[in-house]
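Report on the structure given below.
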């Protein structure tokens, strides 16, 4: 059906979000449909998490996010929750103007429990349930792949390279950053080349703008500045907080 995962900086959805609070959306030009994902591990859905979508329009999505017109002909929100919280989750979304689709994790897979998807073919995947083997299924989203846009890549790799610096590394090669990706060993040679190019482009953009005082990128390797290393050794320092703000600004610029 052509659905692909995309990460969108939260501030592009409204005033209540921040660029560093990304939102997952599954989008399909083929199905002409997108839906935003809100995962809820607890018994109730926070209304504020749904309210940020309330004033969202197709024009907003096309103009303020990387989604295309084909992907936003129909759009909505899906709440993922646990079967044991069925009653309270149903109650917490009942009054929402959005009428989000409620998907519940059960022993056998995913059940569509309320407000079916408007696309019949997608809704039918969950009837009676979408069978999943939870023992072998990945328990998290893969943040980016070789086809992701630069904002999605930067969302994941900036914290990754900062972690390298926090571990006392002065210099790290792009190849080392790529090798940590979950799909690296499973990817084709062509996909690896594309992924490496995306990671290089995202880090090059960061090094040339928001993170210019923290690291440089030359000859396929990042070199961390003394400023970055000093900040990382002092958790809660103003410089470390500034790095977080720069990360948010980088994501907003790349997604724009």
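In the numbering used here, the protein residues as written are 24 to 279. Glycine included, each C-beta is placed from N, C-alpha and C at the ideal position. The structure presented is a predicted model; accordingly, all values stated were derived computationally and were not measured.
When DSSP labels each residue in this structure, what does residue i get in the three-state scheme?
i, result
"residue 99", "strand"
"residue 195", "strand"
"residue 210", "coil"
"residue 137", "strand"
"residue 112", "helix"
"residue 105", "strand"
"residue 91", "coil"
"residue 231", "helix"
"residue 171", "coil"
"residue 237", "coil"
Where does residue i land, buried or exposed, given buried means 16+ other C-beta within 10 angstroms?
i, result
"residue 264", "exposed"
"residue 53", "exposed"
"residue 11", "Residue 11 falls outside the range modelled here, since the chain spans only 24 to 279, and no answer is possible."
"residue 57", "buried"
"residue 107", "exposed"
"residue 225", "buried"
"residue 277", "buried"
"residue 141", "exposed"
Where do the N-terminal and C-terminal ends of the beta strand (DSSP E) with residue i fall, by residue?
i, result
"residue 58", "56-62"
"residue 247", "244-247"
Can you list, in chain order, the residues of its chain with a C-beta nearer than 7 Å to that of residue i? Leave out the 5 residues immediately preceding and following it.
i, result
"residue 214", "169"
"residue 222", "176, 180, 197, 200 and 201"
"residue 183", "200 and 203"
"residue 269", "233 and 234"
"residue 109", "127 and 136"
Sorry if obvious, but does the Cβ on residue i come closer than 7 Å to a heavy atom of the ligand ADP?
i, result
"residue 123", "As far as ligands go, the structure on display features none, and thus does not contain the ligand ADP."
Note down, in chain order, each residue of its chain lying with its Cβ closer than 6 Å to the Cβ of residue i, except the 5 sequence neighbours on either side.
i, result
"residue 136", "125 and 127"
"residue 273", "177, 229 and 233"
"residue 26", "49 and 51"
"residue 119", "73"
"residue 67", "111 and 115"
Give the single residue among the options whose Cα lies nearest to the Cα of residue i.
i, options, result
"residue 104", "86, 248 and 61", "61"
"residue 241", "94, 132 and 195", "195"
"residue 47", "89, 117 and 216", "89"
"residue 131", "75, 174 and 152", "152"
"residue 251", "212, 191 and 231", "191"
"residue 173", "59, 279 and 187", "279"
"residue 75", "59, 63 and 85", "59"
"residue 99", "79, 85 and 69", "79"
Leaving out the 5 sequence neighbours to the left and right, which residues in its chain are closer than 8 Å to residue i when beta-carbon positions are compared?
i, result
"residue 96", "55, 56 and 81"
"residue 113", "125, 136 and 137"
Can you give me the start and stop residues for the alpha helix (DSSP H) that residue i sits inside?
i, result
"residue 84", "81-87"
"residue 72", "70-74"
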